[in-house]
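With full-length UniProt numbering applied, the sequence shown corresponds to residues 1 to 366, in that order. For every residue, glycine included, the Cβ atom is placed at its ideal position computed from N, Cα and C. These numbers were taken from a predicted model, which means no experiment stands behind them.
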Amino acid sequence: MEAVFIPMESIAISNVTIIMVGMSIFATPSWGQRRGGDGSAAGSPPTKKQVSELLPGGEDVSTVAKLRVVPTKLSLVNAADIREVTGALWNIMTADGKGIVATRMLGQGRVYYEAAKTAKNDPAAQEAPGQPYARVFAGLMQGVAEHSNLDESTMVPQADPLGKVLRCKCKPAKPKEGRPRLAKVTVAMGAEHDSLQRIWAKSLAMNGGVLKRGSAPRGPLKRAAQECGTTFQGQPSRYARRAAGVRGLLAYNREAGVTEQEYDEWLYTVHYHDLLANPALRGITLSTVLAEKPILSSGLEVGVDPATSFWRLVELHFDSLQDYRQYVEWFKSHVIPQPRTPAGRSSFRFYVLSSAEEMVRLGPAS
Numbered sequence: 001m002e003a004v005f006i007p008m009e010s011i012a013i014s015n016v017t018i019i020m021v022g023m024s025i026f027a028t029p030s031w032g033q034r035r036g037g038d039g040s041a042a043g044s045p046p047t048k049k050q051v052s053e054l055l056p057g058g059e060d061v062s063t064v065a066k067l068r069v070v071p072t073k074l075s076l077v078n079a080a081d082i083r084e085v086t087g088a089l090w091n092i093m094t095a096d097g098k099g100i101v102a103t104r105m106l107g108q109g110r111v112y113y114e115a116a117k118t119a120k121n122d123p124a125a126q127e128a129p130g131q132p133y134a135r136v137f138a139g140l141m142q143g144v145a146e147h148s149n150l151d152e153s154t155m156v157p158q159a160d161p162l163g164k165v166l167r168c169k170c171k172p173a174k175p176k177e178g179r180p181r182l183a184k185v186t187v188a189m190g191a192e193h194d195s196l197q198r199i200w201a202k203s204l205a206m207n208g209g210v211l212k213r214g215s216a217p218r219g220p221l222k223r224a225a226q227e228c229g230t231t232f233q234g235q236p237s238r239y240a241r242r243a244a245g246v247r248g249l250l251a252y253n254r255e256a257g258v259t260e261q262e263y264d265e266w267l268y269t270v271h272y273h274d275l276l277a278n279p280a281l282r283g284i285t286l287s288t289v290l291a292e293k294p295i296l297s298s299g300l301e302v303g304v305d306p307a308t309s310f311w312r313l314v315e316l317h318f319d320s321l322q323d324y325r326q327y328v329e330w331f332k333s334h335v336i337p338q339p340r341t342p343a344g345r346s347s348f349r350f351y352v353l354s355s356a357e358e359m360v361r362l363g364p365a366s
């Protein structure tokens with residue numbers, strides 16, 4: 001199949017079938033078509049006719065839906081190939097986001113872009129000197145020299161390393177509560193400066209930096225586009241899969257003699273304040289079972305064993321399993337007084353840990 005870009009207009013080409021998808025035209029040459037007048041190849045039995053829904057232009061809905069998915073899937077394959085190549089060529093490490101190395105790199109980057117912005121807006125101003133990667137790399141070497149008490153002049157060989165910098169970036173990671181802020185340092189340069197790369201990598205490693213090997217994980221756009229297909233109605237469909245950390249699933253009933261009003265007054269005015277005082281707990285989701293009987297997408301009902309029924313299900317949100325363990329340890333050293341606990345109020349049915357994932361519907365790929 002070959003995709004060509006031409007203006008959208010009516011086209012008649014002998015022995016070629018044209019399917020228009022937005023601004024993309026997918027052409028199937030004559031050798032890929034059946035030649036019989038009834039849709040069958042020469043000499044073969046007539047092909048059974050299939051009834052399909054057609055668009056106003058005469059195109060088959062299911063065929064167009066599938067073809068609209070192809071570019072997205074192909075872009076994901078290409079993105080995976082690029083991640084593998086860059087993982088092999090680039091040196092990527094984490095660093096202290098507030099440390100001297102990250103500070104110097106980010107500072108040099110800001111200086112360059114401020115100079116470039118000024119030069120763009122003021123024709124009389126001087127152009128920003130050098131390349132942005134070279135400036136950020138200079139900040140890296142300056143920070144390593146200061147951090148490791150080295151003489152910066154002894155670190156740089158006779159050959160100009162700044163002329164061999166292919167890539168040098170420092171990107172602060174998104175801060176998370178209770179964790180040190182990190183920065184992602186990416187460097188790629190000529191092989192002749194391998195000794196220089198070892199110096200900065202060793203300096204970062206000695207101060208908590210971690211070398212990242214292999215392909216980088218998918219970014220948010222790649223993750224959002226990774227699940228594409230068609231519905232049972234033949235319509236294009238796309239949804240995002242998002243990791244939602246670890247969740248504790250706790251189902252319970254009320255103890256006999258405790259009214260719903262009494263329980264909720266304690267729950268919202270006492271208990272949730274106590275739980276959310278723990279810095280490892282990211283949030284809470286509370287679900288109350290309704291009386292209405294649910295129906296499956298197949299139209300069937302699921303029988304519920306009264307012995308396993310419960311009143312409410314609460315989800316405790318954690319970023320990771322390690323955060324859950326910190327949650328438990330925190331309460332060992334910060335004990336909640338007995339009168340404020342669920343004792344005498346909650347009758348627990350089960351408590352399990354789960355790795356959570358969310359599926360969010362997106363618009364169809366264009």
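Who are the Cβ neighbours of residue i in its own chain at under 6 Å, not counting the five residues just before and after it?
| i | result |
| --- | --- |
| Thr285 | Glu315 |
| Thr288 | Arg312 |
| Ser346 | Tyr252 |
| Phe350 | Ala251 |
I need the straight-line Cα distance from residue i to residue j, nearest angstrom please.
| i | j | result |
| --- | --- | --- |
| Arg361 | Pro236 | 12 Å |
| Glu358 | Gly234 | 24 Å |
| Pro279 | Ala244 | 18 Å |
| His273 | Arg181 | 27 Å |
| Ser333 | Leu204 | 34 Å |
| Trp266 | Glu255 | 13 Å |
| Gly139 | Lys98 | 14 Å |
| Asp305 | Glu292 | 16 Å |
| Asp264 | Val258 | 10 Å |
| His317 | Ala119 | 49 Å |
| Ser195 | Val335 | 53 Å |
Please name the residue, chosen from the options, that lies closest to residue i on a Cα-to-Cα basis.
| i | options | result |
| --- | --- | --- |
| Ile100 | Asp323, Val165, Cys170, Asn91 | Cys170 |
| residue 416 | Asp96, Gly344, Lys120, Glu329 | Residue coverage of the chain in this structure runs from 1 to 366, which leaves residue 416 outside it and unanswerable. |
| Ile199 | Tyr112, Tyr327, Phe137, Cys228 | Phe137 |
| Leu353 | Leu249, Ala307, Arg135 | Leu249 |
| Phe348 | Ser309, Gln326, Ala115, Gly283 | Ser309 |
| Glu114 | Thr103, Gln261, Pro132 | Pro132 |
| Ser297 | Gln261, Ala307, Val328, Phe232 | Phe232 |
| Leu275 | Gln261, Thr103, Arg238, Tyr324 | Tyr324 |
| Met206 | Gln261, Val144, Gly229, Arg241 | Val144 |
Quick one: using the 10 Å Cβ neighbour count with 16 as the cut-off for buried, is residue i buried or exposed?
| i | result |
| --- | --- |
| Gln105 | Gln is not the amino acid found at residue 105; the sequence shown has Met there. Buried. |
| Gly109 | buried |
| Gly208 | exposed |
| Gly363 | exposed |
| Leu281 | buried |
| Ser30 | In this prediction, Ser30 scores a pLDDT of 44, lower than 50, which makes its location untrustworthy; the coordinate-derived value is nonetheless stated afterwards. With fewer than 16 Cβ atoms within 10 Å of its Cβ, Ser30 is classed as exposed. |
| Val328 | exposed |
| Val302 | exposed |
Just to confirm, is the Cβ distance from residue i to residue j under 8 Å?
| i | j | result |
| --- | --- | --- |
| Met93 | Val210 | yes |
Looking only at its chain, what residues have a beta carbon closer than 8 Å to the beta carbon of residue i, apart from the 5 residues adjacent to it on each side?
| i | result |
| --- | --- |
| Gln197 | Asn91, Val187, Met189 |
| Val111 | Arg135 |
| Ser320 | Gly245, Val246 |
| Thr103 | Gly143 |
Cutting at 7 Å between CB atoms, please list the residues of its own chain near residue i, excluding the five before and the five after it.
| i | result |
| --- | --- |
| Ser355 | Val246 |
Could you tell me whether the Cβ of residue i comes closer than 8 Å to any Cβ of chain B?
| i | result |
| --- | --- |
| Lys332 | This model lacks chain B altogether, as it is built from one protein chain only. |
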